[in-house]
Amino acid sequence: MSKALYLEDMLQKEFEAEVVSVKDGKYVVLDQTAFYPKSGGIANDEGTLTRGSDVFKVVYVGKFGGDISHEVDHEGLQVGDKIKGSLDWDRRYKLMRYHTAAHVLSGAFYKSLGAKITGNDIATTDQGRIDFNLEHFDRALIEDTVDKSNEIVQKDLPVEVYNLDRTTVEQDPDLVKLAMGIPKGIQRLRIVDIKGFDRQPDGGCHVQSLSEIGKISIKKLVNKGKNNRRLYFTIE
Ligand SMILES: [Zn+2]
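Under the numbering used here, read the sequence shown as residues 52 to 287, first letter to last.
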């Protein structure tokens with residue numbers, strides 16, 4: 052199992068690691084990595100793995116059976132190689148801003164409209180998407196909720212990430228909801244806490260305070276039929 056450095060330090064841009072396996076020449080597993088693998092509706096990091104003067108571009112990162120696999124642009128890395136990893140920070144930072152923005156929107160849609168979020172997708176650095184259940188497709192109401200989200204962002208609330216024992220979560224009436232839907236085998240929950248606004252169990256990367264998000268704008272609203280609404284948004 053590769054150690055996921057981004058779970059502990061979401062601001063780490065560079066790291067040193069050792070190659071522990073290479074599949075088909077281009078799929079590289081390291082003993083530890085700061086690269087976020089595509090998961091939870093959030094796109095993977097990109098960047099480079101460097102061995103001496105050889106630079107391997109990381110074009111995709113995925114999670115396979117507990118391992119984080121880096122797809123590089125050419126063959127050559129060998130088991131035992133010591134490498135330096137370096138993230139494309141512009142990309143990662145944008146993905147973090149979008150991810151935290153999606154949490155603010157989810158929180159606002161739930162609090163203001165009772166809308167349940169059914170999915171989110173941050174596949175690129177150009178836009179984000181959330182899907183939610185809402186009985187009436189009321190554009191003005193949705194616009195109003197996005198305005199409320201921006202008011203929350205302007206409050207510049209801190210975003211904290213911490214781990215809690217599952218038993219602690221399940222015994223606390225304020226927290227118990229966070230454990231719902233999380234597989235039984237998971238004993239420690241990683242919580243992303245927008246202080247005083249919204250808490251979610253989450254394995255992803257976020258900004259440290261809400262003002263880093265910028266301004267959220269609606270790009271497109273789609274009526275997906277019975278109760279299903281889709282919001283594409285941008286940040287600037
Ligand atoms: Zn999330």
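C-beta atoms are modelled at their ideal positions from N, C-alpha and C, and glycine is treated no differently.
Among the options, the one whose alpha carbon lies nearest that of residue i
i: N201; options: S268, I168, Q129 and V70; result: S268
i: F183; options: K89, Y87 and G276; result: G276
i: T176; options: D141, K167, A159 and T169; result: D141
i: V80; options: A191, I193, H121 and Y111; result: H121
i: S72; options: K133, K108, V204 and D225; result: K133
i: Y87; options: L58, F188, L261 and K235; result: L58
i: R102; options: V70, F115, K77 and I203; result: V70
i: V123; options: V130, D60, Y111 and L62; result: Y111
i: L215; options: H125, I237 and Q205; result: I237
i: A94; options: T196, Q178 and Y78; result: Q178
i: E330; options: K206, L164, T218 and I168; result: Outside the displayed span of the chain (52 to 287) sits residue 330, for which this structure offers no information.
i: M61; options: G113, Q129, R143 and K114; result: R143
Residue j beta carbon less than 8 Å from that of residue i
i: D105; j: G127; result: yes
i: R280; j: R180; result: no
i: G254; j: G91; result: yes
i: F248; j: L208; result: yes
i: P252; j: L261; result: no
i: R190; j: L56; result: no
Whole-angstrom C-beta distance between residue j and residue i, which should lie under 8 Å
i: L138; j: D96; result: 5 Å
Sequence-distant residues of the same chain with beta carbon closer than 6 Å to residue i, five excluded per side
i: E67; result: K135
i: D172; result: G92 and R180
i: D244; result: E211 and R250
i: G76; result: E126
i: K145; result: T176
i: A174; result: A94
Beta-carbon proximity list for residue i, same chain, < 7 Å, skipping 5 on both sides
i: V227; result: V220 and E221
i: V258; result: M147, R148, T151, V210 and I264
i: N278; result: N184, L185 and E186
i: S53; result: V80, L81, D82, Q83, T84, D118 and I119
i: G98; result: F86, V109, G136, S137, L138 and D139
**OP:** Can you check the stretch 59-113 for any beta strand (DSSP E) of at least 3 residues that lies completely inside it and give the ranges in chain order?
**Re:** 65-74, 78-81 and 98-102
Original post:
In chain order, which continuous runs of the beta strand (DSSP E) of length 3 or greater are located wholly inside the stretch 129-156?
Top reply: Qualifying beta strand (DSSP E) stretches, in chain order: 133-138.
Original post:
Where are the beta strand (DSSP E) runs, 3 residues long or more, that stay fully inside the stretch 224-284, in chain order?
Top reply: Whole beta strand (DSSP E) segments, 3+ residues: 239-245, 249-252 and 267-274.
Original post:
Taking only runs of the beta strand (DSSP E) that begin and end inside the stretch 172-226, which ones reach a length of at least 3 residues, in chain order?
Top reply: 179-184 and 210-216
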